[in-house]
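Below you'll find the structure, written out as structure tokens, and then a few comments.
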Amino acid sequence: MTTALFPGSFDPVTNGHLDIARRAAALFDHLIIGVYADPNKPVLFSVEERVDLFSEAVKDFPNVSVEAYEGLTVEFARRRGAQAMVRGLRVISDFEHESQIALTNSSLAPEIETVCLMYHADYQFLSASLVKELAKLGADIQHLVPPHVASALREKLRQLSPEERERIRMISIRD
137 MTTALFPGSF DPVTNGHLDI ARRAAALFDH LIIGVYADPN KPVLFSVEER
187 VDLFSEAVKD FPNVSVEAYE GLTVEFARRR GAQAMVRGLR VISDFEHESQ
237 IALTNSSLAP EIETVCLMYH ADYQFLSASL VKELAKLGAD IQHLVPPHVA
287 SALREKLRQL SPEERERIRM ISIRD
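Residue numbering for the sequence shown follows the working numbering, starting at 137 and increasing by one per position.
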């Protein structure tokens with residue numbers, strides 16, 4: 137049985153993430169969505185909320201599970217018995233970044249392959265940071281995220297103070 141890990145922060149999960157997960161699930165017997173719990177990265181949703189949001193998005197994918205993890209991604213992949221790690225590529229700059237990660241991971245765990253999937257053209261511009269920024273500005277994000285994520289994001293933004301809302305910005309296109 138081939139197992140693959142699709143890691144990320146997924147803050148929040150987007151339709152681009154879901155597209156990669158759907159396609160990876162068709163390639164592997166078991167796909168683990170690894171939601172990274174980085175104590176040093178500011179996030180809008182807690183790791184538990186992100187696991188729940190992604191779990192709801194893939195509930196109809198029988199061979200997909202969603203788990204939180206900490207530490208080195210390649211070590212999590214090894215512990216879970218993954219033979220591959222799935223990475224999504226949006227634009228050419230993603231390739232340079234992902235190739236550095238893949239080479240590092242290969243030196244740490246040569247038995248685990250990195251498999252890169254190109255994002256569908258509809259999602260090449262899409263990042264979780266962009267979704268948060270658009271939602272903060274009141275834009276319609278229904279076509280960018282699953283419906284339950286759009287609702288959760290609107291509710292989360294309503295709960296934030298003006299100062300907290302101001303901190304939500306496009307930090308990077310790399311999330």
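Note that CB positions come from ideal geometry on N, CA and C, so glycine has one too.
Taking one beta carbon from each stretch, the stretch 190-201 and the stretch 225-244 have fewer than 3 pairs nearer than 8 Å; the two do not touch. With a beta-carbon spacing of about 14 Å, LEU167 and PHE146 fall beyond the 8 Å limit used to define contacts. Looking at the DSSP output, SER201 bridges to ILE168. By the neighbour-count definition (other C-beta atoms within 10 Å, threshold 16), LYS268 is a buried residue. Note: GLU234 is not bridge-paired with any residue in the DSSP secondary-structure output. DSSP places PHE142 inside the beta strand (DSSP E), whose first and last residues are 139-144. Nearest in C-alpha terms to ALA271, of all of THR250, ALA193, ALA288, SER229, is ALA288.
A contact between stretches requires three or more CB pairs, one per stretch, nearer than 8 Å, and the stretch 158-178 fails this requirement with the stretch 276-293. With respect to GLY144, TYR259 sits apart: the two C-beta atoms are not nearer than 8 Å. Spatial neighbours of SER243 in its own chain (CB-CB distance under 6 Å, excluding positions within 5 residues in sequence) are not present.
A distance below 8 Å separates the beta carbons of VAL251 and ALA220. Only residues of its own chain outside the window of five on either side were considered, and among them none has a CB closer than 7 Å to the CB of ASP196. Straight-line measurement puts the Cα of GLY217 at about 11 Å from the Cα of VAL210.
Checking the DSSP bridge columns, you'll see GLY224 partnered with LEU253. Take the alpha-carbon of ALA213 and the one of ALA140: they are about 8 Å apart.
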